[in-house]
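If you're matching positions, the sequence shown starts at 1 in this note's numbering and goes up one per residue. We treat Cβ as the ideally placed atom computed from N, Cα and C, and that holds for glycine. Note that the structure is a prediction, hence the values are computed from the model and not measured. Everything on this sheet refers to the single structure shown next.
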Amino acid sequence: MPKEYSRSQRVVEQIRRELAELIRLEVKDPRVGFITLTDVEITPDYAHAKVFFTSMTGEADVPEIQQGLRRASGFLRRELGRRIRIHTIPELHFHYDRSVEEGSRLSRLIDDVVREDEARHQDEAGETDPKSADDDGSAKS
Numbered sequence: 001m002p003k004e005y006s007r008s009q010r011v012v013e014q015i016r017r018e019l020a021e022l023i024r025l026e027v028k029d030p031r032v033g034f035i036t037l038t039d040v041e042i043t044p045d046y047a048h049a050k051v052f053f054t055s056m057t058g059e060a061d062v063p064e065i066q067q068g069l070r071r072a073s074g075f076l077r078r079e080l081g082r083r084i085r086i087h088t089i090p091e092l093h094f095h096y097d098r099s100v101e102e103g104s105r106l107s108r109l110i111d112d113v114v115r116e117d118e119a120r121h122q123d124e125a126g127e128t129d130p131k132s133a134d135d136d137g138s139a140k141s
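Here's what the structure looks like:
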């Protein structure tokens, strides 16, 4: 059974898709060339949209990317108005999405803890060598 979405969810997804295409194909500013749009949040009155992005070049370039996106926001909003038929085209506010980097950082931490735990279990298993145990299960001195 298909999942039902509210109108605002459909609008948000369409805005994200259209903006991604516009940025990729129409925006000529080289500062915004290597980004991925991760999410869009829109106010109930459609007046404002927070557009979240990640950068393939890393967090160091984020200020320049945001400046490029701000400069292109008027063009992007105008083009959205031509592509999407809604009563109000939202003002675009671009925000760097740290969730992907934070997720990667947490994943690395978990991997490190798992490796440490496995190493500790191997060390403990090495201390109780089965060859040094008597028939009654006690270790020889």
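Stretch pair the stretch 51-67 + the stretch 91-103: three plus CB contacts closer than 8 Å: yes
Residue 132 - DSSP class collapsed to helix/strand/coil: Per-residue confidence for residue 132 stands at a pLDDT of 49, beneath the threshold of 50, marking its modelled position as unreliable; the derived number appears in the next sentence. Residue 132 falls in the helix class under three-state DSSP.
Spatial distance of residue 19 from residue 87 (CA atoms): 18 Å
Reduced DSSP category for residue 121 - H, G, I as helix; E, B as strand; rest coil: helix
Inter-residue CB distance, residue 15 and residue 35 (contact presumed, cutoff 8 Å): That belief does not hold up - the Cβ atoms of residue 15 and residue 35 are roughly 15 Å apart, past 8 Å.
Residue from 42, 21, 54 with nearest C-alpha to residue 103: Cα-wise, what sits closest to residue 103 is 54.
Exposure label - residue 142; buried when at least 16 CB within 10 Å: The displayed coordinates of the chain run from 1 to 141. Any statement about residue 142 would go beyond what the structure contains.
Cβ shell of residue 72 (< 8 Å), same chain only, five flanking positions each side left out: 23, 27, 29, 32
Three-state class that DSSP yields for residue 72 in the structure shown: helix
Segments assigned beta strand (DSSP E), at least 3 residues, entirely inside the stretch 8-59: Segments of the beta strand (DSSP E) lying fully in the stretch 8-59: 35-42, 48-55.
Length of the line joining the Cα atoms of residue 63 and residue 109: 28 Å
C-beta atoms of residue 92 and residue 49 nearer than 8 Å: yes
Residue from 79, 44, 51 whose Cα sits closest to the Cα of residue 25: 79
Closest residue to residue 17 among 83, 126, 43 (Cα-Cα distance): 83
Candidates 111, 105, 46, 117, of which the one nearest residue 85 by Cα: 46
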